[in-house]
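Each protein sequence line maps, in turn, to chains A and B. Just so we're aligned: 64 in our numbering is position 64 of the first sequence, and the numbers increase by one with no gaps anywhere. Just add 407 to the spot in the second sequence (first one is 1) and you have our numbering. Think of the CB as a built atom: it goes at the ideal place given N, C-alpha and C, for glycine as much as any other residue. Quick notes on the structure that follows.
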Amino acid sequence: MVKEMLTGNFAAAWGARLSGVDYVPAFPITPQTEIIEVISKWVNSGVMDTKFTNMDSEHSMITAAGTAAATGARVFSATSSQGLLYGCEMLYAVAGWRVPFVLINVSRGLSAPITLEPDHNDVLSARDTGLIQLHVETCQEILDTILMAFRIAEDERVFLPVLINMDGFYLSFTREPVEIPGLDEVREFLPEYRPGHAFFLASKPMAQGVAVLGGSVYSYFRYQMHLASSNALRVHNEVAAEFKSIFGRAYSAVEPFKTEDAEYIILMTNSFTVKGKDAVNRFREKGIKVGLVRLRLVRPFPFQELREYLRGKKALAVIDQNISPGSGGILYNEVTSALYHEPNRPGAVLSFIGGLGGKDISLAEFSFILDEMQKSVETGIVPETQLLYTEQDMKNMNNFLNIAGKG
Amino acid sequence: MNVNMEKSAYENFKDISQDEHIAPGTALCSGCGGLLALRLALKVLGENVVIVNAAGCFTLLSVYPFNPFRSSWMYTAMACAPAGAQGIRDALDILIKKGKVKKEDDLKVVVLTGDGTANDIGLQATSAVLQRNLDFYYLCYDNEAYSNTGFQMSSATPFGSKTNTSVPGGVNPGGTAQKKKDLFEIWRAHKPPYMATIAPSHPVDLSNKFKKAAQFKGPKLFITFAPCPSGWSFDDSKSVEISKLAVQTGIWPLKEAICGELSHTVIPKFKPVETYLVAQERYDHLFHPVKQVDVIRVIKEDIDHYWQPYLGVEPLQDQS
């Protein structure tokens with residue numbers, strides 16, 4: 001057992017290495033590139049017995065990942081932002097092929113305007129593709145989740161690719177202590193891949209990804225994907241339990257933080273959850289009963305688990321680090337639909353957009369969220385979606401507007 | 408003129424295998440010239456292939472739960488069949504290296520695309536696998552338009568022809584105003600080990616080319632002339648005849664290039680190109696209600712310009 005200071009990208013590369021992947025098709029994009037650079041070095045130095053191919057686009061990369069998985073290889077790849085969207089057609093395709101592989105998205109805000117820092121519109125644009133989605137908070141969790149993701153993807157009840165999201169910059173380029181498990185332990189948890197259903201062999205011809213004619217055939221296969229994705233919740237929990245028994249670290253579809261006696265809950269995803277947890281601790285010091293729920297499994301959506309943590313709370317604030325223009329927060333809509341039939345649901349569910357393009361969410365903003373929750377409970381009036389944007393943010397922006405001649 | 412004079416594996420039609428690798432009764436149009444070329448190609452390639460198909464006419468070869476092949480099939484999407492081939496080849500290579508797949512289970516990877524895919528949306532992915540020297544076959548069935556969607560113009564559509572998005576009219580009586588993209592030369596710039604044009608009317612030439620290609624590791628690329636009865640509007644019994652005319656008028660040169668070095672495998676008789684044009688309704692507007700001599704002259708000049716560097720300076724087409 002080794003503990004090293006690793007960036008999120010480096011931890012992801014370790015996850016791929018420990019998983020014994022056969023194939024890595026790659027295409028660079030900031031802030032993901034370090035992952036494929038590290039893997040390329042390891043392949044060329046001989047420490048990874050893996051075929052590494054520099055592809056010509058994410059569209060090609062996701063295609064090659066899918067067909068290699070359809071041939072029976074254990075496949076890993078990584079992308080980000082524009083790249084994920086460029087390959088989006090093939091995300092739907094590879095999920096429909098029902099091939100298991102693991103794809104990392106290092107999240108980054110989408111163009112336009114073009115930027116480098118994270119929010120989750122990129123990964124959530126893949127929400128309906130059929131890929132399983134796991135969103136991680138720490139560098140350790142990236143490595144661990146890759147090992148778990150192969151188990152989930154390759155499970156007969158699932159057979160879908162898994163997309164793991166980690167935040168660009170906040171995780172990709174931030175060093176944290178990461179425990180690198182030993183290969184023997186990893187093999188006990190994740191044995192070598194022996195595909196039973198994916199192959200192209202001279203002795204066993206197979207047709208994959210074939211066309212269908214007519215809605216009844218199409219509906220059948222599409223709904224099968226929904227059932228398979230739904231199965232992934234149970235499979236995730238089984239895999240997480242086994243992971244804990246071997247490695248000692250526990251992961252759940254929904255991670256509660258000081259929720260038990262909490263009256264107010266903040267719901268978040270990914271690395272900014274760290275900021276949320278810090279805010280919760282500060283509020284607790286003042287005797288305010290605030291808790292936090294982190295959504296780790298985004299697809300399948302863990303409806304039941306969420307309800308359990310949110311039942312009976314006074315108010316819930318969903319912080320969406322994404323924006324659906326004309327609607328608001330993407331996760332807010334999903335969370336509220338999960339609660340609609342819950343008789344004992346929170347009295348108010350508030351929607352906040354924050355952290356777009358990597359904008360910080362400060363303690364002041366968390367305090368504002370808490371105030372708004374309390375106000376809603378008192379007045380019974382729940383505000384529309386609000387953008388978390390401080391006076392200082394506006395001041396800085398006004399400076400830019402002045403320079404641009406638009407002040 | 409560099410004509411290939413080596414002794415060929417296939418001397419005449421009887422040398423071609425009678426084994427069939429595509430069952431009859433597919434959903435493709437009757438008289439499909441591309442299907443005939445594929446059928447002939449598979450007689451040389453054999454059964455141990457995996458076809459990686461791009462969206463196009465041939466998507467309809469495999470419609471759940473039917474499949475006419477004895478071999479494997481992977482449907483990808485329009486832009487990325489070569490990338491799909493890369494994934495399969497890479498996977499087979501590493502799995503064989505690791506002992507997870509037996510050497511005798513190895514497959515030839517064959518990409519199948521139409522001309523729209525090959526020339527337009529899939530050109531990037533094709534260029535990339537050529538640059539990576541992927542060991543695979545590529546068969547483009549060139550029916551000179553997006554035929555599966557009802558015959559719209561692609562960049563392989565010939566000058567002066569009619570498609571449903573280049574319909575001749577008062578403003579533009581000639582139909583397609585652009586020249587056909589020279590995909591062969593684009594491919595040749597990558598210097599792949601083997602590439603050729605083929606035609607279903609010339610099965611011996613076709614078979615020899617696939618046989619010859621087999622000795623090379625790396626990209627082996629084919630563009631087959633693919634007469635399209637429904638798109639070009641001719642009787643579906645005439646596909647081979649149309650294909651023959653295309654070769655004989657010099658509009659479809661049969662050639663190959665080994666590591667970029669070009670040679671022609673058939674020297675045409677240079678029949679007047681009108682004999683080819685009048686046989687298809689897609690060129691009707693060039694002859695009715697009035698003969699569009701300017702458009703026909705450009706078509707002839709283009710044939711001359713193509714062949715003259717190889718054959719000499721005399722006009723080859725009857726310029727009357």
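Simplified DSSP assignment, three categories, for residue i
i	result
residue 136/A	coil
residue 291/A	strand
residue 614/B	helix
residue 167/A	strand
residue 565/B	coil
residue 192/A	coil
residue 408/B	In this prediction, residue 408/B has a pLDDT of 45, which is less than 50 and means its spatial position is unreliable; what the coordinates show is noted afterwards. It is coil, neither helix nor strand.
residue 727/B	Confidence in residue 727/B is poor, its pLDDT being 49 and thus under 50, which makes the residue's placement too unreliable to answer from.
residue 155/A	coil
residue 61/A	helix
residue 207/A	strand
residue 692/B	helix
residue 448/B	helix
residue 324/A	strand
residue 559/B	strand
residue 149/A	helix
residue 424/B	coil
residue 469/B	coil
residue 604/B	strand
Endpoints, the beta strand (DSSP E) within which residue i is located
i	result
residue 594/B	Counting along the chain, residue 594/B falls outside any beta strand (DSSP E), though it belongs to the alpha helix (DSSP H) covering 590-595.
residue 408/A	A question about residue 408/A goes unanswered here, because the residues of chain A that appear run from 1 up to 407.
residue 352/A	348-353
Residue i and residue j closer than 8 angstroms at C-beta
i	j	result
residue 48/A	residue 17/A	yes
residue 44/A	residue 79/A	no
residue 150/A	residue 19/A	yes
residue 542/B	residue 595/B	no
residue 591/B	residue 583/B	no
residue 265/A	residue 235/A	no
residue 377/A	residue 404/A	no
residue 301/A	residue 342/A	no
residue 85/A	residue 125/A	yes
residue 442/B	residue 435/B	yes
residue 7/A	residue 271/A	no
residue 344/A	residue 311/A	yes
residue 314/A	residue 280/A	no
Extent of the continuous alpha helix (DSSP H) run through residue i
i	result
residue 436/B	No alpha helix (DSSP H) holds residue 436/B; DSSP gives it neither H nor E.
residue 332/A	330-339
residue 14/A	8-18
residue 705/B	700-718
residue 299/A	Element bounds for residue 299/A: not the alpha helix (DSSP H) but the beta strand (DSSP E), 297-299.
residue 225/A	215-247
residue 490/B	488-504
residue 92/A	88-97
residue 399/A	391-403
residue 306/A	303-310
residue 650/B	646-655
residue 42/A	33-45
residue 373/A	363-379
residue 277/A	273-285
Residue i versus the options, residue with shortest Cα-Cα distance
i	options	result
residue 92/A	209/A, 8/A and 50/A	209/A
residue 630/B	533/B, 433/B and 546/B	546/B
residue 361/A	202/A, 388/A and 270/A	388/A
residue 493/B	68/A, 76/A, 123/A and 343/A	68/A
residue 54/A	35/A, 25/A and 31/A	25/A
residue 382/A	316/A, 301/A and 30/A	316/A
residue 533/B	694/B, 419/B, 477/B and 461/B	461/B
residue 206/A	126/A, 314/A and 196/A	196/A
residue 31/A	165/A, 212/A and 268/A	165/A
residue 440/B	568/B, 651/B, 453/B and 647/B	647/B
residue 248/A	134/A, 399/A, 363/A and 185/A	185/A
residue 488/B	56/A, 100/A and 393/A	56/A
residue 763/B	430/B, 706/B, 692/B and 703/B	Because chain B here runs from 408 to 727, residue 763/B falls outside it and cannot be looked at.
Integer-rounded CB distance, given that residue j should sit under 8 angstroms from residue i
i	j	result
residue 416/B	residue 615/B	6 angstroms
residue 433/B	residue 472/B	That belief does not hold up - the Cβ atoms of residue 433/B and residue 472/B are roughly 14 angstroms apart, past 8 angstroms.
residue 189/A	residue 243/A	6 angstroms
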